[in-house]
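>
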Ligand code: PFF
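In the working numbering, the protein residues as written are 4 to 461.
1) Would you check if the distance between the CB atom of residue 382 and the CB atom of residue 167 is smaller than 7 Å?
2) Can residue 243 be considered in contact with the ligand PFF, in the sense that its beta carbon sits closer than 6 Å to one or more heavy atoms?
3) Does DSSP classify residue 29 as helix, strand or coil?
4) Leaving aside the five residues before and after residue 18 along the sequence, list all residues of the same chain whose C-beta is less than 8 Å from its C-beta, in chain order.
5) Mind checking residue 345: buried by the 16 CB within 10 Å criterion, or exposed?
6) What residue from 226, 243, 286, 380 has the CA that sits closest to residue 50's CA?
7) Could you tell me if residue 415 is buried or exposed, where buried requires 16 or more neighbouring beta carbons within 10 angstroms of its beta carbon?
8) Please look up how many angstroms separate the CB atoms of residue 209 and residue 280, rounded, as I've assumed it's under 8 Å.
9) Which same chain residues end up closer than 6 Å to residue 44 when comparing Cβ atoms and leaving out the 5 residues on each side of it in sequence?
10) Quick one: Cα of residue 290 to Cα of residue 283, how far?
11) Can you look up residue 383 in the DSSP assignment and give me helix, strand or coil?
12) Tell me whether residue 119, by its Cβ, gets closer than 6 Å to a heavy atom of the ligand PFF.
13) Are the beta-carbon atoms of residue 238 and residue 58 separated by less than 7 Å?
14) Which residue wins for smallest C-alpha separation from residue 430, given the options 440, 439, 418?
15) Drop a sphere of 10 angstroms on the beta-carbon of residue 420, count the other beta-carbons inside from all chains shown, and report buried for 16 or more, exposed for fewer.
16) Using a Cβ-Cβ cutoff of less than 6 Å, which residues in the same chain neighbour residue 325 once the five nearest sequence positions on both sides are dropped?
17) Do residue 32 and residue 235 come within 7 Å of each other at the CB atom, strictly closer than that value?
18) Report the residue ranges of all beta strand (DSSP E) runs contained in full by the stretch 79-166; include only those spanning at least 3 residues, in chain order.
19) Can the beta-carbon of residue 115 be found closer than 7 Å to that of residue 156?
20) Name the residue from 458, 308, 328 whose alpha carbon lies nearest to the alpha carbon of residue 519.
21) Assuming contact is defined by CB atoms lying nearer than 7 Å, are residue 248 and residue 72 in contact in what I supplied?
22) Measuring alpha carbon to alpha carbon, tell me which of 403, 392, 443 ends up nearest residue 105.
23) Can you look up residue 419 in the DSSP assignment and give me helix, strand or coil?
24) May I have the straight-line CA-CA distance separating residue 398 from residue 310, to the nearest angstrom?
25) Apply the 10 Å Cβ neighbour rule to residue 216 and answer buried if 16 or more other Cβ atoms are within range, or exposed otherwise.
26) Assign residue 260 to one of two classes, buried (16 or more other C-beta atoms within 10 Å of its C-beta) or exposed (fewer than that).
27) Going by alpha carbons, who is nearest to residue 277 out of 26, 24, 20, 47?
28) Can you tell me whether residue 24 is helix, strand or coil according to DSSP?
29) Roughly how many angstroms separate the alpha carbons of residue 340 and residue 433, rounded to a whole number?
30) Inspect the beta-carbon positions of residue 133 and residue 410 and report whether they are closer than 7 Å.
31) Assess, as a yes-or-no matter, whether the stretch 133-152 is touched by the stretch 295-306 under the definition of 3 or more beta carbon pairs within less than 8 Å.
32) If I follow the unbroken alpha helix (DSSP H) through residue 34, where does it start and stop?
33) Using the three-state DSSP reduction, which class does residue 46 fall into: helix, strand or coil?
34) Express the C-alpha separation of residue 312 and residue 152 in angstroms, rounding to a whole number.
35) What is the C-beta distance between residue 354 and residue 171, in whole angstroms, given that I count them as a contact (C-beta under 8 Å)?
36) Three or more beta-carbon pairs under 8 Å between the stretch 64-83 and the stretch 91-103, yes or no?
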């Protein structure tokens, strides 16, 4: 919960910030997306590249975002405007703020459709629809759901309403408490599932799939996906972390805080992978490269065969939904905060308006799975295209702008001031990575990867 200090709001403690930012970072990206893209890209090789992307690119950019937010103390768009004007820099850099806010809305439009699947699975689980089900049955249940636009629209609407509800009445009140209770529960449940996978799944096959490095399987497309996902999973490039950073107490150490958030986020993704793949390999009919349906087809088989599967299965999808919920709030927050800064627009109206736009756009994602499934551009449905555009193009692009802005244009002494809690070695490593490694690495991976995906069809 924030308190009023020196004319700006700050979280009560560093831990509230850590929990809120972890709530933003840990979401569908960790539990749904990471396992399936690791599966599609051959496992181990992808995981290693992903970990490098998190440590060498994601963490430095996250530090930069928190630093800009805390220095600006406003919505990301206004913070960027304030910082560029103060430093006498070109207005181009403001694009970091507004581009981020737009990307957040685009992501939320499909994020809430997927979160809707998770919502829909709660009553399915609770009523025992998956009890004793084999892979074929769970596949049919999932495909029947996707083929029914009315059902998808219904759950998508429920999820958008849940998000609007929290954001309209204030992010800070309630969210801190929710994060404090729900994040640890999610962690405990994942551990339970991990134990289940260890006991009943093919644990060693799952382990070697995720952790054995096999060069042959590494593709350019995989590297691009790993980098894009590092941004997605850490909630970078959207302004969400910048918006939350604006409430960070002045004395808290940014470096240590970011390290904790990144560690939590990575652990959740790896544990989710280790809970899912052993189960997939134990059931011959399931495919590790199944794609987006992995979580919704393979896990229910496991729950269906578990003693207390009805209970654990329902609980699991409740927690996936909650993880998605705390992320969704942070996706819409930058745009809402910016609109609400204007005279005549209150937070409530801003949230309703933007929530409606997101809901409307989300319908196109809904239809990507049924009525429009055959309409493809460059081999992609609308949903595939939006996911590609946001995670693999726009997020890295904003990340690139942030790295160049903070590394090369922002006054180093101001950055030093915000990061004065860090040892000088850490500061130097951070600054070096941000200046010399992040920009060329992001640019190269983006350009080569885009060429490979779009032109070479690779
Ligand atoms: N980090 C979230 C996840 O992994 O599911 C997704 C996300 C949330 C991305 C908030 C960006 C953001 F601003």
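Quick reminder that beta carbons are idealized off the backbone N, C-alpha and C, glycines included.
If you're wondering where the values come from, they're calculated on a predicted model, not measured in any experiment.
Let me lay it out:
1) When the beta-carbon positions are compared, residue 382 and residue 167 stay at least 7 Å from each other.
2) The nearest non-hydrogen atom of the ligand PFF is less than 6 Å from the C-beta of residue 243.
3) If DSSP states are grouped into helix, strand and coil, residue 29 belongs with coil.
4) None.
5) Residue 345 is exposed by the Cβ-count criterion.
6) Looking at the Cα atoms, 226 is the closest of the given residues.
7) Residue environment for residue 415: exposed (fewer than 16 other C-beta atoms within 10 angstroms of its C-beta).
8) Correct: roughly 4 Å between the Cβ atoms.
9) Result list for residue 44: 225, in chain order.
10) Taking the straight line from one Cα to the other gives about 7 Å.
11) It is a strand residue.
12) Not one heavy atom of the ligand PFF sits closer than 6 Å to the Cβ of residue 119.
13) No, the pair does not count as a contact, with Cβ atoms beyond the cut-off.
14) It is 418.
15) Around the CB of residue 420, fewer than 16 other CB atoms lie within 10 Å, so the residue is classed as exposed.
16) Excluding sequence neighbours, residue 325 sits near 185.
17) Yes, the Cβ-Cβ distance between residue 235 and residue 32 is below 7 Å.
18) If only uninterrupted beta strand (DSSP E) runs of at least 3 residues are considered, none is enclosed by the stretch 79-166.
19) No. Outside cutoff.
20) Nothing about residue 519 can be reported from this structure: the residues present for the chain run from 4 to 461 only.
21) In this structure, residue 72 lies closer than 7 Å to residue 248 by Cβ.
22) Residue 105 has its Cα closest to that of 392, out of 403, 392, 443.
23) Helix, per DSSP.
24) Rounded to the nearest angstrom, the two C-alpha atoms are 42 Å apart.
25) It is exposed - the Cβ of residue 216 has fewer than 16 other Cβ atoms within 10 Å.
26) So residue 260 counts as buried.
27) The option with the nearest alpha carbon to residue 277 is 47.
28) DSSP places residue 24 in helix when its eight states are reduced to three.
29) One C-alpha to the other measures close to 29 Å.
30) The criterion of a C-beta distance shorter than 7 Å is not satisfied by residue 133 and residue 410.
31) Put simply, the stretch 295-306 touches the stretch 133-152. At least three CB pairs are less than 8 Å apart.
32) Residue 34 -> no alpha helix (DSSP H), and no H or E assigned at all.
33) Three-state DSSP puts residue 46 in coil, outside helix and strand.
34) So the alpha carbons of these two residues sit roughly 28 Å apart.
35) A Cβ-Cβ separation of about 4 Å places residue 354 in contact with residue 171 under the 8 Å criterion.
36) The stretch 91-103 and the stretch 64-83 touch, with three or more beta-carbon pairs separated by less than 8 Å.
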